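Scroll down for the structure; my scribbles are underneath it.
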Amino acid sequence: MARILITSALPYINGVKHLGNLAGSMLPADVYARFQRLRGHDVLYICATDEHGTPAELAAASSHMDVRAYCDEQHEIQKTAGDGFSLSYDYFGRTSNAPNIELTQHFAAVLEEKGLIEERVEHQVFSIDDDRFLPDRYVEGICPHCGFERARGDQCDNCGRLLEPTDLKEPYSKISGSKNLEVRETAHLHLIQTKMEAKIRAWVDASTAWPSLAKSIAYKWLDEGLRDRSITRDLKWGVPVAKDGVARPGFETKVFYVWFDAPIGYIGATWEWAEANNGDWESWWRTDKGADDVTYVQFMGKDNVAFHTVSFPATILGSEEPWKSVDKLKAFNWLTWYGGKFSTSENRGVFMDQALDILPGDYWRWYLTANAPEGSDSAFTWEHFQSLINTDLANVLGNYVNRILRFNKSRFEGVVPEGGEWGADEDWLAGELETRLKDAATHFEAMEFRKAAGEVRAIWALGNEYLTRAEPWTKFKTDPAAAAIGVRTALNYMTVMAKIAQPVIPNAAATILDALGIAEDARDWPKGDIRDMLTALPVGQSVEPPEVLFKKIEDTDVEAWTERFGGAEG
RNA sequence: GGCGAGGUAGCUCAGCUGGUUAGAGCGCACGACUCAUAAUCGUGAGGUCGAGAGUUCAAGUCUCUCCCUCGCCA
């Protein structure tokens, strides 16, 4: 039994995530976690909301809420949405909670001891009316180069030149529009990443279990040269710049910058899990305290790769403490909406809560796994969604369950029938299943989700092929015993179909296993002798057809959803 | 504008370090079957791999140029 630590990129607190976010980190992490649990491994799947930073403050302000209260509310909303998709976090924590605050302050202190943090004075724009320092991109004004009127403080959208906020003519606050600004000196802590470059490069070189997408992004950053980056901000909402409860002199009104404390949240959330479950978080994160046998797997979208391959490692490696660092890293491309990006304002795309309004989580889980944006960006379309759901879930899987259970009910009184001899058809089925089962496990293990889903689908289809060969409905007329072996094998096969479906569509799989009377503790990934697998159900056991597993998506549904959420014309 | 990703059957995508008749699923056509959610099973027709040039005995798979799409910086 291996110990596997799994984290999904932390969703930002600001609003419910859309399907692309789900597809690119939380869902595949969950599928992988479920698969590894079924394999009997000791899995810890951790996620959390990333709560600090200016966007959270502004969103709270526009909702006329205290930031903490806003985050409390949003955290619950995201937790609920995750539950709706059956995301099986062992813990869904918060970067604003005490463990993360303590850890963030700890890392800052240790990094400073190692000479990797320096205090430097910067000039930043302060908005008197907003009563706050403005991040560069929240200052706008006229570009000194091209005269564009809404240039940002970091760069001009029109001519593309990089700018400093102080370059802008007639600058104003993007937050309030106020022109009552001034430049103030403010000291900030900087992480001296330049000193870490060689160490990080060596670490990246040594990381073999990363896909090319992750490696190339990491090298791109390293090749361009790391920069020393500010890790504090003049904000109220965040991890206080303090040590042992005492604020650093001159930093009483400053907090750590969100990019520094967010990834530490993986560890913080594990600590939260430990407190809630009487667990030992250090045995997962400290290689000197038992984590040396842990395999750590991270899931993220491609926008997050640099933070996980360079920035966060700078923190971890820089501390020179025995922290666990990532072993396997799975990065996803974008799920696009008809080839373009999801957009709230333009009514393009579906958000997690809306998706659940329409259909249960399993439908989405199947589509997003079978169509995961692994090798390249992948386009969501209603038409594609409709065809995958109807074919794979309703017709191939759902109909199989229905046809065989109903046939069994009308011909064999709804119990696993007795009689008949294992024959050539059963040998054929067992042979096919043996290879496909291995392939499916291999693909799940390798985190190749499209291929894994494809193999699962192939195994489902195999059930229908077997029935075509066995044709119990024909044999029943002349030789009920011959029909019985067909039905009995088909029922046993259904247990395999459902068990391997569990990582992707856990609820539907549970419904099927319930119908077959499979005990909760007997639902692990199928293993052992194939023939045993296909003869395990006790003869005489009652099996009842469940309600329709998956309803079909009608053309009228697609029309209505296109109208509501956008589509080809959106 | 800079950077990145990509352009492979009607659609969504696979194609590792170049090498037999370029693959899958969906869709489509035809056939079979009738237990089942008009479901299922079988067979088949569809691409010369964005365009051009080059390297090579051999290129979708390497090089260059161009066109287009998408994303990030914004």
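Under this note's numbering, think of the first position of the first sequence as 775, with each following residue one higher.
C-beta: ideal position from N, C-alpha, C; glycine also.
Keep in mind the model is a prediction, meaning the values are calculated, not measured.
Item, Value
"Length at least 4, wholly inside the region 984-1028: the alpha helix (DSSP H) runs in chain order", "986-998"
"Whole-number beta carbon distance between Ala925 and Lys1017, since they are thought to touch under 8 Å", "With a Cβ gap of about 39 Å, Lys1017 and Ala925 do not count as contacting."
"Identity of the residue in Thr1083, Leu796 and Glu847 nearest Trp977 by Cα", "Thr1083"
"According to DSSP, residues forming a beta bridge with Thr823", "Arg868"
"Per-residue burial, Asn1281 [other beta carbons within 10 Å of its own, 16 or more giving buried]", "exposed"
"Helix, strand or coil at Ala776 [DSSP, three-state]", "coil"
"Delimiting residues of the beta strand (DSSP E) encompassing Glu956", "Leu955 to Leu965"
"Beta-carbon spacing of Pro785, Asn795 below 8 Å", "yes"
"Which residues DSSP lists as bridging Ser1117, in chain order", "Arg1122"
"Span of the alpha helix (DSSP H) around Gly1039", "Val1032 to Asn1051"
"Minimum C-alpha distance to Ala961 - residue among Ala776, Ile891 and Leu1171", "Ile891"
"Cα-Cα separation, Met970 to Arg1060", "21 Å"
"Contained alpha helix (DSSP H) runs [length at least 4] in the region 1209-1280, N- to C-terminal order", "1223-1244, 1246-1252 and 1254-1275"
"Trp1140 versus Phe1324, Gly1302 and Phe1086, residue with shortest Cα-Cα distance", "Phe1324"
"First through last residue of the beta strand (DSSP E) which encompasses Tyr1070", "Val1068 to Gly1075"
"Cross-strand partners of Ser782 (DSSP beta bridge)", "Phe1073"
"Close-in-space but distant-in-sequence residues of the same chain around Leu996 (CB under 6 Å, 5 per side omitted)", "Arg975"
"Status (buried if at least 16 other CB within 10 Å, exposed otherwise) for Ser947", "buried"
"Identified DSSP bridge partners for His792", "Phe1125"
"Assigned exposure category for Gln1315 - 16 Cβ within 10 Å defines buried", "exposed"
"Terminal residues of the beta strand (DSSP E) in which Trp1111 lies", "Leu1109 to Trp1111"
"Reduced DSSP secondary structure (H/G/I, E/B, other) of Pro1147", "coil"
"Residue environment, Asp1066, which counts as buried when at least 16 other CB atoms sit within 10 Å", "exposed"
"8 Å Cβ shell around Ser952 - same chain, five flanking residues per side excluded", "Ser901, Ile902, Asp903, Asp904 and Tyr946"
"Proximal residues to Gly1344 (C-beta, below 6 Å), its chain only, five neighbours per side dropped", "The predicted position of Gly1344 is uncertain, since its pLDDT is 42 and thus under 50; no value can be drawn from it."
"Within 8 Å, strictly: CB atoms of Thr1143 and Val1278", "yes"
"Residues of its chain near Ile1274, where Cβ-Cβ distance is below 8 Å and the 5 sequence neighbours each way are ignored", "Leu1211, Ala1214, Val1230, Ile1233, Trp1299 and Pro1300"
"Spatial distance of Ala855 from Cys845 (CA atoms)", "15 Å"
"Cβ contact (3+ pairs, closer than 8 Å) linking the region 1098-1113 and the region 816-823", "no"
"Neighbourhood of Gln898 by C-beta distance below 6 Å, restricted to the same chain and skipping five residues each side", "Phe907 and Thr960"
"Sub-8 Å separation of Asp1002 and Thr968 beta-carbons", "yes"
"Inter-stretch contact at 8 Å, needing at least 3 Cβ pairs: the region 817-836 / the region 1302-1319", "no"
"Terminal residues of the alpha helix (DSSP H) in which Phe1186 lies", "Asn1173 to Phe1186"
"Whole-angstrom distance between Ile787 and Ala834, CA atom to CA atom", "11 Å"
"For Ala1283 and Ala1244, the rounded distance between their alpha carbons", "24 Å"
"N- and C-terminal bounds of the alpha helix (DSSP H) containing Glu762", "Because the chain is modelled from 775 through 1344, residue 762 falls outside the range shown and cannot be assessed."
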